[in-house]
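Visitor: Plus 27 on top of the position in the sequence shown (first one is 1) and you've got my numbering.
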Amino acid sequence: RAKSAGGNRFELADPEADARAITRHGLTTALPAALERGEFFIEYQPLVHLGDGSVRGAEALVRWLHPQHGVLGPDRFIPLAEHTGLIVPLGRWVLEQSVGQARQWRERHGDTEPLRINVNLSPCQLTHPGLVQDTVDILERSGVAPQTLCLEVTESALIGADDDLLKPLRRLAEMGVDIALDDFGTGYSNLANLRRLPVSVLKLDRSFTQGMQQFPADPVDLKIVEGIVSLAHSLDLAVTVEGVETGAQAEQLRILGCDTAQGWYYARPGPPERLHELALVDAAG
Ligand code: C2E
Ligand code: MG
Ligand code: MG
Ligand code: MG
Numbered sequence: 028r029a030k031s032a033g034g035n036r037f038e039l040a041d042p043e044a045d046a047r048a049i050t051r052h053g054l055t056t057a058l059p060a061a062l063e064r065g066e067f068f069i070e071y072q073p074l075v076h077l078g079d080g081s082v083r084g085a086e087a088l089v090r091w092l093h094p095q096h097g098v099l100g101p102d103r104f105i106p107l108a109e110h111t112g113l114i115v116p117l118g119r120w121v122l123e124q125s126v127g128q129a130r131q132w133r134e135r136h137g138d139t140e141p142l143r144i145n146v147n148l149s150p151c152q153l154t155h156p157g158l159v160q161d162t163v164d165i166l167e168r169s170g171v172a173p174q175t176l177c178l179e180v181t182e183s184a185l186i187g188a189d190d191d192l193l194k195p196l197r198r199l200a201e202m203g204v205d206i207a208l209d210d211f212g213t214g215y216s217n218l219a220n221l222r223r224l225p226v227s228v229l230k231l232d233r234s235f236t237q238g239m240q241q242f243p244a245d246p247v248d249l250k251i252v253e254g255i256v257s258l259a260h261s262l263d264l265a266v267t268v269e270g271v272e273t274g275a276q277a278e279q280l281r282i283l284g285c286d287t288a289q290g291w292y293y294a295r296p297g298p299p300e301r302l303h304e305l306a307l308v309d310a311a312g
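#1: Assuming contact is defined by CB atoms lying nearer than 8 Å, are Y293 and V75 in contact in what I supplied?
#2: Identify which residue in L158, V171, Q124 has its Cα closest to the Cα of P141.
#3: Hey, which unbroken runs of the alpha helix (DSSP H) at 4 residues or more fall wholly within the region 128-161?
#4: What residue range does the beta strand (DSSP E) around G84 cover?
#5: Which residue's Cα is closest to the Cα of Q81: D286, E300, E43?
#6: With a CB to CB cut of under 7 Å and the five nearest residues on each side skipped, what residues in its chain are close to T175?
#7: Rounded to whole angstroms, what is the Cα-Cα separation between P173 and A200?
#8: Less than 8 Å between the beta carbons of V126 and H155, yes or no?
#9: Select from L231, V89, G84, L107 the residue whose C-alpha is nearest the C-alpha of A48.
#10: Which of helix, strand or coil does DSSP assign to E179?
#11: Runs of 4 residues minimum, wholly inside the region 242-298: which ones carry the alpha helix (DSSP H) assignment?
#12: Spatial neighbours of G33 within its chain, please: C-beta separation below 6 Å, excluding the five flanking residues on both sides.
#13: Please say whether A288 and A275 have beta carbons closer to each other than 8 Å?
#14: Give the secondary structure of V121 by DSSP, where H, G and I count as helix, E and B as strand, and everything else as coil.
#15: By how many angstroms is the C-alpha of V89 removed from the C-alpha of K194?
#16: Please say whether D209 and E167 have beta carbons closer to each other than 8 Å?
#17: Only counting the same chain, and skipping five residues up and downstream in sequence, which positions put a Cβ closer than 8 Å to that of P298?
#18: State the DSSP-derived secondary structure class of P101, mapped to helix, strand or coil.
#19: Can you tell which of F104, T139, Q95 has the C-alpha that lies nearest to the C-alpha of A306?
#20: With distances taken from CA atoms, which of G212, L196, T213 is nearest D205?
#21: Ligand 1 heavy atoms versus the CB of L221: any closer than 7 Å?
#22: Among the residues of its own chain, which have a CB less than 6 Å from the CB of E86, if the five just before and after it don't count?
Rendered as structure tokens:
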């Protein structure tokens, strides 16, 4: 993008930035057909109980198998889908697939505790009037209990949220769907505000987990996480931690009282069969 720098001077266009803009544009226009052609797929990353190491469920993470560019992560296309509104049908598709997957796990997993499924919700889906009804329909069609589902909404999406925005989440929470506050700790929200939100889970952002890399961890990081965990528990919220990459981190976070963890230390996001295998190994051991 050539930019006028005043007078007759022009900055040269940045070819890489131009290429990125072209790709962005190309990806944006390709999104609707991609959804129709079935180019999206979902990987599942286990959620592990820190106390006993058992697999309790998984987070659904969407990917796009692009015919030219290969597999694209959500950071590449979710913002584009949000911009054009395609996130509403795409998000509905992710929910439908994930709930269907939870149902299959239940069928194959037998009578043990059902594996729970976490699905990310974009702020645009929150303001879409069909959210509650779509969710009810999807759960009913697949015969999955609302208690099996957890919807993740980022802390930043709920900062300063008014009652209109919270109403659909309240309805879902009343039905038994868990609501998790994702990337918690990055949004500078007022902690007292938590009481007002219909959430039952805090997902502590990866940046906190990174502070636990050494053993013993940075004492200030420890104090902060300890404070968040005790506040969360006093409000009856469960605490999940993201981005656990080492055993030392897992151990520190367990000692600090975090309930569930997710990260490469346990497993990278993968196909649904892998989660099923992990859960079975777990039940057998
Ligand atoms: P998120 O919800 O915070 O998901 C966690 C991200 O951390 C995922 O990235 C996951 O692959 C990554 N991760 C997990 N464990 C580790 C670890 O140990 N170390 C590191 N460095 N990273 C780890 P991913 O799959 O690229 O997703 C990025 C974001 O895209 C998600 O962040 C979520 O906000 C969004 N997203 C993914 N799927 C969907 C979806 O279906 N709908 C919407 N609206 N957003 C989605
Ligand atoms: Mg998430
Ligand atoms: Mg997160
Ligand atoms: Mg995150």
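Quick reminder that beta carbons are idealized off the backbone N, C-alpha and C, glycines included. Everything numeric in this text was worked out from a predicted model, so none of it was measured.
Guide: In this structure, then:
#1: The residue given as residue 293 occupies position 266 in the sequence shown. The residue given as residue 75 occupies position 48 in the sequence shown. Their beta carbons are under 8 Å apart, which means Y293 touches V75 by this criterion.
#2: Locating residue 141 in the sequence shown gives position 114, counting from the first residue. The shortest Cα separation from P141 among L158, V171, Q124 belongs to V171.
#3: You should have 150-153.
#4: Along the sequence shown, read from residue 1 onward, the residue named residue 84 stands at position 57. For G84, the enclosing beta strand (DSSP E) starts and ends at 82-93.
#5: What you label residue 81 is simply residue 54 of the sequence shown in a count that begins at 1. It should be pointed out that residue 81 corresponds to Ser in this sequence rather than to Gln. Checking every option, the nearest Cα to that of S81 belongs to D286.
#6: In the sequence shown, counting from the first residue as 1, residue 175 sits at position 148. Cβ neighbours of T175 beyond the five flanking positions: A129, P141, R143, I144.
#7: Stepping through the sequence shown from its first residue, residue 173 is reached at position 146. Stepping through the sequence shown from its first residue, residue 200 is reached at position 173. If I take the Cα positions, the gap works out to 9 Å.
#8: Stepping through the sequence shown from its first residue, residue 126 is reached at position 99. Stepping through the sequence shown from its first residue, residue 155 is reached at position 128. No. Outside cutoff.
#9: Position 21 of the sequence shown, counting from 1, holds the residue named residue 48. Minimum Cα distance to A48 is reached at L107.
#10: If you number the sequence shown from 1, residue 179 lands on position 152. Three-state DSSP puts E179 in a strand.
#11: 246-261, 274-282
#12: Counting from one through the sequence shown, the residue named residue 33 turns up at place 6. Annotation note: pLDDT 47 at G33 (below 50); position unreliable, no value reported.
#13: Here residue 275 refers to the residue found at position 248 of the sequence shown. Here residue 288 refers to the residue found at position 261 of the sequence shown. No, these two residues do not count as a Cβ contact at 8 Å.
#14: Stepping through the sequence shown from its first residue, residue 121 is reached at position 94. In the structure shown, the three-state DSSP call for V121 is helix.
#15: Position 167 of the sequence shown, counted from the first residue, corresponds to residue 194. Position 62 of the sequence shown, counted from the first residue, corresponds to residue 89. If I take the Cα positions, the gap works out to 26 Å.
#16: On the sequence shown, residue 167 is found 140 positions in, with the first residue counted as 1. On the sequence shown, residue 209 is found 182 positions in, with the first residue counted as 1. Cβ atoms of E167 and D209: not closer than 8 Å.
#17: For the purposes of this step, residue 298 is identified with residue 271 of the sequence shown, where counting begins at 1. Correct list, in chain order: E70, Y71.
#18: Here residue 101 is taken as the residue at index 74 of the sequence shown, counted from 1. DSSP places P101 in helix when its eight states are reduced to three.
#19: As a position in the sequence shown, residue 306 is number 279, starting the count at 1. The residue with the shortest Cα to Cα distance from A306 is T139.
#20: Along the sequence shown, read from residue 1 onward, the residue named residue 205 stands at position 178. If we check each option's Cα against that of D205, L196 comes out closest.
#21: Along the sequence shown, read from residue 1 onward, the residue named residue 221 stands at position 194. Using a cutoff of 7 Å, the CB of L221 does not count as near ligand 1, since none of the ligand's heavy atoms is closer than that.
#22: Numbered from 1 along the sequence shown, position 59 holds the residue referred to as residue 86. Excluding residues within five positions, the ones whose Cβ falls inside 6 Å are Q72, N145.
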